[in-house]
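To start, the structure under review is shown below, and the notes come after it.
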Amino acid sequence: LVFNPKAKKGERVGFRFGKDGKKVRVFKSGDVVDI
Numbered sequence: 659l660v661f662n663p664k665a666k667k668g669e670r671v672g673f674r675f676g677k678d679g680k681k682v683r684v685f686k687s688g689d690v691v692d693i
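693 is the number that the working numbering gives the last residue of the sequence shown; the numbers go up by one with no jumps.
Right under this line is the structure:
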C-alpha cells in the first residue's frame with residue numbers, strides 16, 4: 659500500500675500509461691501517484 663495524502667490512508671496502486679506514453683502508477687481511486 660502507498661500512502662495517499664488526499665485520502666489520508668494507504669491505497670492500492672495499479673499502472674496506467676500517461677499521455678506521453680510513460681508508465682505511471684495510479685491509485686485505485688484514480689489519482690496519479692506523485693512521489
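Virtual Cβ for every residue (Gly too), placed ideally from N, Cα, C.
query: Enclosing beta strand (DSSP E) for VAL648 [first to last residue]; result: The first residue shown for the chain is 659 and the last is 693, placing residue 648 beyond what the model contains.
query: VAL660 - partner residues in DSSP beta bridges; result: GLU669
query: Contact set for LYS664: own chain, Cβ-Cβ below 7 angstroms, skip 5 residues either direction; result: ASP689
query: Proximity below 7 angstroms, CB of GLY697 to CB of LEU659; result: Given that the chain is displayed from residue 659 to residue 693, the structure contains no residue 697 and the question cannot be resolved.
query: CB of LYS686 within 7 angstroms of CB of ARG674, strictly; result: no
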